[in-house]
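Enquirer: Starting off with a structure, shown below.
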Amino acid sequence: MTVIGIGGRKLWLAALVLAGSTLAISLPGCASKSSAGTTPSGQSASTVYGASSAEEAVRSFLDAAQAQEYSRMRRLFGTNGGPAENAWGVQEVEQRMVVLSGMLLHQAYSLRPLELGYLREDQRGFVATIIGTRYGNANIPITVVLADGRWYVEQLGVSSLVGEG
267 MTVIGIGGRK
277 LWLAALVLAG
287 STLAISLPGC
297 ASKSSAGTTP
307 SGQSASTVYG
317 ASSAEEAVRS
327 FLDAAQAQEY
337 SRMRRLFGTN
347 GGPAENAWGV
357 QEVEQRMVVL
367 SGMLLHQAYS
377 LRPLELGYLR
387 EDQRGFVATI
397 IGTRYGNANI
407 PITVVLADGR
417 WYVEQLGVSS
427 LVGEG
C-alpha cells in the first residue's frame with residue numbers, strides 16, 4: 267500500500283491510498299454551507315458546516331469543487347466526529363480541497379444512490395457520474411456521514427480521476 271499526501275504529517279487528512287488497483291481519498295471531517303442555504307440556528311450562511319441531507323452534501327461538495335470554492339468544500343468535509351478542520355485545522359484541510367477540486371473539475375455530473383452493505387446507519391453511499399474531467403468520464407463512489415444532525419462528505423473513490431503513469 268502506498269500513501270500519498272500533502273504536507274509532512276504521517277496522518278493524512280486527504281490521503282491518496284493506492285492498494286493494488288484501488289485508489290481512494292479519505293478526507294475525514296470537513297463540512298460546508300448547504301447549497302439550499304439552510305442555516306442551523308446561530309450560524310450565518312458563510313459559517314454553516316455540513317448539509318441538511320446526504321444528497322445535498324454531495325451535490326454542494328461537487329458544485330463547490332467545480333467553482334473552486336475551497337472553504338465551502340472544507341466545511342462540507344468530515345467524519346462522524348464532525349468537520350475535518352476541527353481535527354486538522356483550516357489551512358491543512360483547505361490545501362487538500364485544492365487538490366480535490368482540481369481532480370473533480372467537470373462539465374456535468376449526475377448522482378444516484380449506491381447501496382453498500384458495509385455502511386453504518388449514519389452513512390449513505392452515492393455514485394457520481396462525472397462527465398468531462400481531464401481524464402474523461404468517471405464514476406466516483408462517495409460516502410457521506412451524519413454528525414450532530416448534519417451530513418458531511420467522508421470518502422471519495424478517485425481511482426478513475428487519476429491518469430496512468
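Residues in the sequence shown are numbered consecutively from 267, following our numbering.
Ideal Cβ positions, reconstructed from N, Cα and C, are used throughout, including at glycine.
Note that this is a predicted model, so its numbers are computed, not measured.
#1: Taking the Cβ atom as the reference point for each residue, do A413 and N346 lie within a distance shorter than 8 Å?
#2: Taking the C-alpha atoms as reference points, what is the distance between L371 and A350?
#3: Can you tell me the Cα-Cα spacing of V411 and S367, whole angstroms?
#4: Using a 10 Å radius around the Cβ and a threshold of 16 neighbouring Cβ atoms, would you call S326 buried or exposed?
#5: If we ignore side chains and look at the alpha-carbon of each, how far apart do G383 and G391 end up?
#6: Residues in the same chain with beta-carbon distance under 7 Å from A374, minus the five sequence neighbours each way, listed in chain order, please.
#7: Along the chain, where does the beta strand (DSSP E) containing Q421 start, and where does it finish?
#8: Report the residue ranges of all beta strand (DSSP E) runs contained in full by the segment 364 to 413; include only those spanning at least 3 residues, in chain order.
#9: Could you check if R416 is buried or exposed, using at least 16 other CB atoms within 10 Å of its CB as the buried criterion?
#10: Does DSSP classify A317 as helix, strand or coil?
#11: Please identify the residue among T409, Q389, M369 whose C-alpha is closest to the C-alpha of A333.
#12: In the DSSP assignment, what are the bridge partners of G348?
Expert: Taking the geometry as given:
#1: Yes, they are a contact pair.
#2: Each residue's CA atom was taken as its position, placing L371 and A350 some 22 Å apart.
#3: Distance between the alpha carbons of V411 and S367: 20 Å.
#4: Buried, since its Cβ has 16 or more Cβ neighbours within 10 Å.
#5: A direct Cα-to-Cα measurement between G383 and G391 gives close to 10 Å.
#6: Excluding sequence neighbours, A374 sits near I397, G398.
#7: Its beta strand (DSSP E) spans residues 416 to 422.
#8: The segment 364 to 413 is shown to contain whole beta strand (DSSP E) runs of 3 or more residues at 374 to 379, 389 to 399, 402 to 413, in chain order.
#9: Classification of R416: buried, given that the 10 Å Cβ count is 16 or more.
#10: Looking at A317 - three-state DSSP - the assignment turns out to be strand.
#11: If we check each option's Cα against that of A333, M369 comes out closest.
#12: DSSP output for G348 lists T345 as bridge partner(s).
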